[in-house]
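Asker:
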Amino acid sequence: KAGVTQTPRYLIKTRGQQVTLSCSPISGHRSVSWYQQTPGQGLQFLFEYFSETQRNKGNFPGRFSGRQFSNSRSEMNVSTLELGDSALYLCASSVGAGAYEQYFGPGTRLTVT
Amino acid sequence: LAKTTQPISMDSYEGQEVNITCSHNNIATNDYITWYQQFPSQGPRFIIQGYKTKVTNEVASLFIPADRKSSTLSLPRVSLSDTAVYYCLVDRDDKIIFGKGTRLHILP
Numbered sequence: 103k104a105g106v107t108q109t110p111r112y113l114i115k116t117r118g119q120q121v122t123l124s125c126s127p128i129s130g131h132r133s134v135s136w137y138q139q140t141p142g143q144g145l146q147f148l149f150e151y152f153s154e155t156q157r158n159k160g161n162f163p164g165r166f167s168g169r170q171f172s173n174s175r176s177e178m179n180v181s182t183l184e185l186g187d188s189a190l191y192l193c194a195s196s197v198g199a200g201a202y203e204q205y206f207g208p209g210t211r212l213t214v215t
Numbered sequence: 049l050a051k052t053t054q055p056i057s058m059d060s061y062e063g064q065e066v067n068i069t070c071s072h073n074n075i076a077t078n079d080y081i082t083w084y085q086q087f088p089s090q091g092p093r094f095i096i097q098g099y100k101t102k103v104t105n106e107v108a109s110l111f112i113p114a115d116r117k118s119s120t121l122s123l124p125r126v127s128l129s130d131t132a133v134y135y136c137l138v139d140r141d142d143k144i145i146f147g148k149g150t151r152l153h154i155l156p
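These protein sequences, in sequence, are chains A and B.
With my numbering, the residue at position 112 of the first sequence is 214, and numbering never jumps.
With my numbering, the residue at position 102 of the second sequence is 150, and numbering never jumps.
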């Protein structure tokens with residue numbers, strides 16, 4: 103069974119631009135969660151989608167948004183990029199929502215200059 | 049949300065058993081305890097999950113005392129490839145919070 107895939111793997115953007123990251127979950131998984139990882143803050147939860155609905159959201163500004171499609175694929179969007187948005191963005195999928203075992207993708211390394 | 053506390057770092061030697069303890073004093077009745085492993089530049093990998101007493105799989109064992117206010121991840125006979133960051137999480141039908149993790153360094 104194919105794992106979680108994320109595209110692109112690496113991205114360089116300029117301050118003020120916007121970016122969209124994509125995540126394809128494992129087949130049959132209906133929950134997709136997004137995390138931001140930085141050396142200073144560690145792994146921080148962004149949001150979780152289950153059956154196309156946002157279930158939970160972390161403490162991030164409204165510039166961070168996401169959506170989930172009917173095939174469970176998910177996208178995350180960051181508008182008006184700031185230097186501090188440079189991070190590894192990880193997507194994880196699971197069969198169900200919440201406490202289920204999560205499978206993480208390789209991440210997208212975003213660099214904002 | 050239940051907060052977890054674990055040692056920032058640990059060193060051990062190849063072939064030894066390593067025990068990493070996590071404190072979660074305000075764990076709720078419905079919370080599960082989950083451990084993940086993360087190597088540099090990779091996403092975390094699920095190791096084990098439990099609710100009470102002891103859980104064992106091919107990779108590790110998880111010991112949870114009766115009061116569930118702490119848990120211990122046990123890695124038998126570690127190797128150099130077990131050098132990684134280990135995260136303890138207390139899950140609920142809610143936001144999943146990763147703490148700072150324990151940086152485990154295995155020495156030859």
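C-beta atoms are modelled at their ideal positions from N, C-alpha and C, and glycine is treated no differently.
1) Return the bridge partner residues of Q156 (chain A) from the DSSP annotation.
2) Can you pull the chain A neighbours of W145 (chain B), defined as C-beta to C-beta under 8 Å?
3) Check whether the Cβ of G91 (chain B) lies closer than 7 Å to any Cβ atom in chain A.
4) Verify the CB distance criterion: does K148 (chain B) have a CB-CB separation below 7 Å to chain A?
5) Identify whether L183 (chain A) lies in helix, strand or coil by the three-state DSSP scheme.
6) In this structure, what does DSSP give as the bridge partners for H153 (chain B)?
7) Along the segment 198–211 of chain A, where does the CB come closer than 9 Å to a CB of chain B? Name the residues.
8) In the DSSP output, what is K102 (chain B) paired with across the bridge?
9) Does any residue of chain B have a CB that is nearer than 7 Å to the CB of G144 (chain A)?
10) What three-state label does DSSP hand K79 (chain B) in the structure shown?
11) For the beta strand (DSSP E) that contains D139 (chain B), what are its first and last residues?
12) Please classify S129 (chain B): does DSSP put it in a helix, a strand, or coil?
13) In chain A, what lies closer than 7 Å to D130 (chain B) by C-beta?
14) Contact between the segment 154–172 of chain A and the segment 56–63 of chain B: three or more CB pairs below 8 Å?
15) Can you tell me whether S67 (chain A) is helix, strand or coil according to DSSP?
16) Would you call P113 (chain B) buried or exposed, if buried means 16 or more other Cβ atoms sit within 10 Å of its Cβ?
17) Examine the Cβ distances between the segment 65–77 of chain B and the segment 138–150 of chain A and report whether three or more of them are shorter than 8 Å.
18) Tell me which residues of the segment 181–197 of chain A have at least one Cβ-Cβ distance to chain B shorter than 9 Å, keeping chain order.
19) List the residues of chain A whose Cβ lies closer than 9 Å to the Cβ of Q54 (chain B), in chain order.
20) Within the same chain, show all residues whose beta-carbon is closer than 6 Å to that of R211 (chain A), passing over the 5 residues directly before and after it, in chain order.
21) Quick check on F94 (chain B) - is its C-beta less than 7 Å from some C-beta in chain A?
Answerer: Taking the coordinates as given:
1) As a working mapping, residue 156 (chain A) is identified with position 54 in the first sequence. Beta-bridge pairing links Q156 (chain A) to A:Y151.
2) Looking up residue 145 (chain B) in the second sequence gives position 97. The residue you asked about is not Trp; residue 145 (chain B) is Ile in the sequence shown. Within 8 Å Cβ-Cβ: F147.
3) For the purposes of this step, residue 91 (chain B) is identified with residue 43 of the second sequence, where counting begins at 1. True, the Cβ-Cβ gap to chain A drops below 7 Å.
4) As a first step, residue 148 (chain B) is located in the second sequence; it is residue number 100 there, counting from the start. Answer yes: the Cβ-Cβ gap between K148 (chain B) and chain A drops below 7 Å somewhere.
5) Residue mapping note: residue 183 (chain A) aligns to position 81 of the first sequence, counting from 1. Reduced to three states, the DSSP call for L183 (chain A) is coil.
6) Translated into positions along the second sequence, residue 153 (chain B) becomes position 105. DSSP output for H153 (chain B) lists B:D59 as bridge partner(s).
7) A199, G200, A201, Y202, E203, Q204, Y205, F206, G207, P208, G209, R211
8) Indexing the second sequence from 1 puts residue 102 (chain B) at position 54. Partner(s): B:F111.
9) For the purposes of this step, residue 144 (chain A) is identified with residue 42 of the first sequence, where counting begins at 1. It does: the Cβ of G144 (chain A) has a partner Cβ on chain B nearer than 7 Å.
10) Counted from its first residue, the second sequence places residue 79 (chain B) at position 31. Residue identity differs from the one stated: residue 79 (chain B) is Asp in this sequence, not Lys. Coil at D79 (chain B), not helix or strand.
11) Sequence index remark: in the second sequence, residue 139 (chain B) carries index 91 (1-based). 132–139 is the extent of the beta strand (DSSP E) around D139 (chain B).
12) To locate residue 129 (chain B), count along the second sequence from 1; it is residue 81. The answer is helix: DSSP assigns S129 (chain B) an H, G or I state.
13) As a working note, residue 130 (chain B) is residue 82 in the second sequence. Correct list: empty, because the minimum Cβ distance to chain A is about 18 Å.
14) no
15) Examination of residue 67 (chain A) is not possible in this model, given that chain A is present from 103 through 215 alone.
16) In the second sequence, residue 113 (chain B) corresponds to position 65, counting from 1. Per the 10 Å Cβ criterion, exposed.
17) no
18) L190, L192, C193, A194
19) On the second sequence, position 6 is the one that residue 54 (chain B) refers to. Within 9 Å Cβ-Cβ: nothing; Q54 (chain B) doesn't reach chain A, min ~12 Å.
20) Translated into positions along the first sequence, residue 211 (chain A) becomes position 109. Counting only Cβ-Cβ distances below 6 Å, and skipping sequence neighbours, we find Y112, L190.
21) In the second sequence, counting from the first residue as 1, residue 94 (chain B) sits at position 46. Closer than 7 Å to some Cβ of chain A, the Cβ of F94 (chain B) qualifies, so yes.
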